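Residues 575 to 919, numbered by this note's numbering, are exactly what the sequence shown covers, in order.
We put the beta carbon where it would ideally sit given N, CA and C, even for glycine.
None of these values were measured; they are calculated from a predicted model.
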Amino acid sequence: MSPSISAVHAGQEYDLMTGIAMCLVGTTISNFGLNIQKYSFIVQERLPEHERKPYNTQWRWWLGLFGIAVGSIADFAALTYAAQSIIAPVGAFTLVANIFFAHYWLRERLSHNDLFGTILICIGAVMVTVFGSHSSTSYSLDELLRLYYRWDMLVYFSAICALLCTLYIALVRSEEALQRHGKLSPEYRACRQIHPLSYAGLAGVFGAQSVMFAKSTGELIKQTARGFNQFDRFLTYVILTCLVMTITMQTHLLSLGLKNFDALYMVPVFTCFYITFSVMGGAVYFEEFATFGQVQWLCFPFGVFITICGVAVLSRRDMRNDVRQPLLTCHNYDSCGSKGLAAAL
């Protein structure tokens, strides 16, 4: 190996380790912020109903949002050093932090089922990280735009839209059953597992798209820092707008889910959706798997399969005691219905 090739390899490994370190710090801080928000909801539930405030007027919720923002900045910086398909799975470390914060601080019960499911997700995420792409690239705005004009991106975008619609319909129907019949009714019992899954899934899918836009923004910043200004183009700000919108939807939906369901369920399932579709986005949009070998093609899907198995284990969590109150506060459901839910979202 020539000195120049060795230097390039060492530089790539340094960037990879720097990105992973930033991601670990960011995910821990971000998860701490999530559990601060969860604590804010718990405090509100102890108050008489007439004294309760909307979540976005609670100072603890804003403190938690600050922690999430700081963690997101660290994650954003990590994406400028390493591939999206590496940084996203490393974020599974948030599950370890979540066990500590939710169980030992919020006093949420931790069962063997929860622990086993979380361990499976972490193992799957590690496998995805080890056998994923370890190369980093650099793109200009024109190159990023060209990556959109491909058939595989059209298929990916269509699949994401279909999934978002499916999860939203499941969320609306779950709210209908809860609002009309109550949480102990047979009608809602059929939706008990789907209800929290729909919140976590929607937040995770939106969050995964924010990773793609964050990676794109990081690439534009790198090009600008090298003297090639990318912020004098209108489409750059379209990417920035999409980044803000997807982060906002992720934060809002996850906050609503945490308001009504245990963090020990919400965070791992959200993380699984987030990791899976972040990796898929990196594979399709940035073509990060173009250089995969046979071992990678065998082990990477297996890692994703183990992660999904972990979610299946976590989804068996008994949610009967976790539903606290419907998010819609209409006394007459027929006067608000799905329009009320759309307003809440």
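{"Check": "Could you please give the first and the last residue of the uninterrupted alpha helix (DSSP H) stretch that includes Cys696?", "Outcome": "686-705"}
{"Check": "Suppose the cutoff is 6 Å on Cβ atoms and the five residues either side in sequence are ignored; what does the same chain contact list for Ile594 look like?", "Outcome": "Val664"}
{"Check": "If you run the structure through DSSP and keep just helix, strand and coil, what is Thr654?", "Outcome": "coil"}
{"Check": "Which of helix, strand or coil does DSSP assign to Gln783?", "Outcome": "helix"}
{"Check": "Within the same chain, show all residues whose beta-carbon is closer than 6 Å to that of Ala917, passing over the 5 residues directly before and after it, in chain order.", "Outcome": "Here Ala917 scores only 41 on pLDDT, less than 50, and its place in the model is too uncertain to base an answer on."}
{"Check": "Which value, in whole angstroms, describes the spacing of the CA atoms of Cys597 and Ala652?", "Outcome": "6 Å"}
{"Check": "Roughly how many whole angstroms lie between the Cα atoms of Gly638 and Phe844?", "Outcome": "17 Å"}
{"Check": "Buried or exposed for Ala751, please, with buried defined as at least 16 other CB atoms from any protein chain shown within 10 angstroms of its CB.", "Outcome": "buried"}
{"Check": "Please list, in chain order, all residues of the same chain as Phe847 whose beta carbon is under 6 Å from its beta carbon, the five residues on each side excluded.", "Outcome": "Gly775, Gly778, Val779"}
{"Check": "In whole angstroms, what is the alpha-carbon distance linking His769 and Gln797?", "Outcome": "43 Å"}
{"Check": "Leaving aside the five residues before and after Ser604 along the sequence, list all residues of the same chain whose C-beta is less than 6 Å from its C-beta, in chain order.", "Outcome": "Ile642, Gly645"}
{"Check": "Nearest by alpha-carbon distance to Ala744: which of Met727, Pro760, Cys765 is it?", "Outcome": "Cys765"}
{"Check": "By the three-class DSSP mapping on this structure, what secondary structure does Ser714 have?", "Outcome": "coil"}
{"Check": "How about the region 671-680 and the region 606-619: do they share at least three Cβ pairs that are nearer than 8 Å?", "Outcome": "yes"}
{"Check": "Per DSSP, what kind of secondary structure is Leu728 in: helix, strand or coil?", "Outcome": "helix"}
{"Check": "Run the CB neighbour count on Met591, radius 10 Å, all protein chains shown included, and call it buried at 16 or more, exposed below.", "Outcome": "exposed"}
{"Check": "So Leu888 and Leu684 are in contact, right, with Cβ under 8 Å, and what is the actual spacing, rounded?", "Outcome": "Their Cβ separation, rounded to whole angstroms, is 12 Å, which puts Leu888 and Leu684 out of contact at 8 Å."}
{"Check": "If you draw a straight line from the alpha carbon of His921 to that of Glu749, how long is it in whole angstroms?", "Outcome": "Lying before the first or after the last residue shown, residue 921 is absent from the chain, which here runs from 575 to 919."}
{"Check": "If contacts are defined as beta-carbon pairs under 8 Å, then Thr692 and Pro842 qualify, I think. What distance do you get, rounded to the angstrom?", "Outcome": "6 Å"}
{"Check": "Kindly indicate which three-state DSSP category Asn609 falls into: helix, strand or coil?", "Outcome": "helix"}
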